[in-house]
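Taking it in order: structure first as structure tokens, then the write-up.
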Amino acid sequence: MLNKSVLTLAVATALTATLAATSGCAVTRKQETVGAYIDDATLTTRVKAKFANDPTVSAMAISVETLKGTVQLSGFAKSQDEKSVAEKLARETSGVVGVRNDIVVRPS
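All you need for the working numbering is the position in the sequence shown, starting with 1, plus 734.
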């Protein structure tokens, strides 16, 4: 449990440092404002933190991207259950307006 908490803290710290360093830069994802980019980055971090704290989902195997509040999940899951739980966790994250689940289940 402690390892997942440390991972979550490390991810949040890294994101905060990155956002602080780049907040004055132009937004390259064609979003309207830097604020929208930061909001999306925050949603990505929240979803990844939920993955890190869930025993079913591999936070390292599933990628999370967010654009205008819509979260896109990609990568590989070990089972259909892992794919479903990842989508459920993303949908339940405050601020998420939609989820696109492109996770591929790898046969065992």
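For glycine and all other residues, C-beta sits at the position ideal for the given N, C-alpha and C.
Pairwise C-alpha distance: residue j and residue i
i      : j      : result
Val839 : Lys812 : 6 Å
Ala775 : Thr800 : 7 Å
Val830 : Pro841 : 30 Å
Thr779 : Asp773 : 10 Å
Residue i, buried or exposed, once every other Cβ within 10 Å from all chains shown has been counted against 16
i      : result
Thr767 : exposed
Lys802 : exposed
6 Å Cβ shell around residue i - same chain, five flanking residues per side excluded
i      : result
Asn835 : Leu807 and Glu821
Thr790 : Glu816 and Val819
Glu826 : none
Close beta carbons around residue i, own chain, < 7 Å, minus the five adjacent residues each side
i      : result
Lys784 : Leu823 and Thr827
Beta-carbon proximity list for residue i, same chain, < 8 Å, skipping 5 on both sides
i      : result
Leu792 : One detail in the question is off: residue 792 reads as Ser in this sequence, not Leu. Contacts found: Phe785, Ala811, Lys812 and Glu816.
Limits of the unbroken beta strand (DSSP E) element including residue i
i      : result
Val838 : Gly832 to Val839
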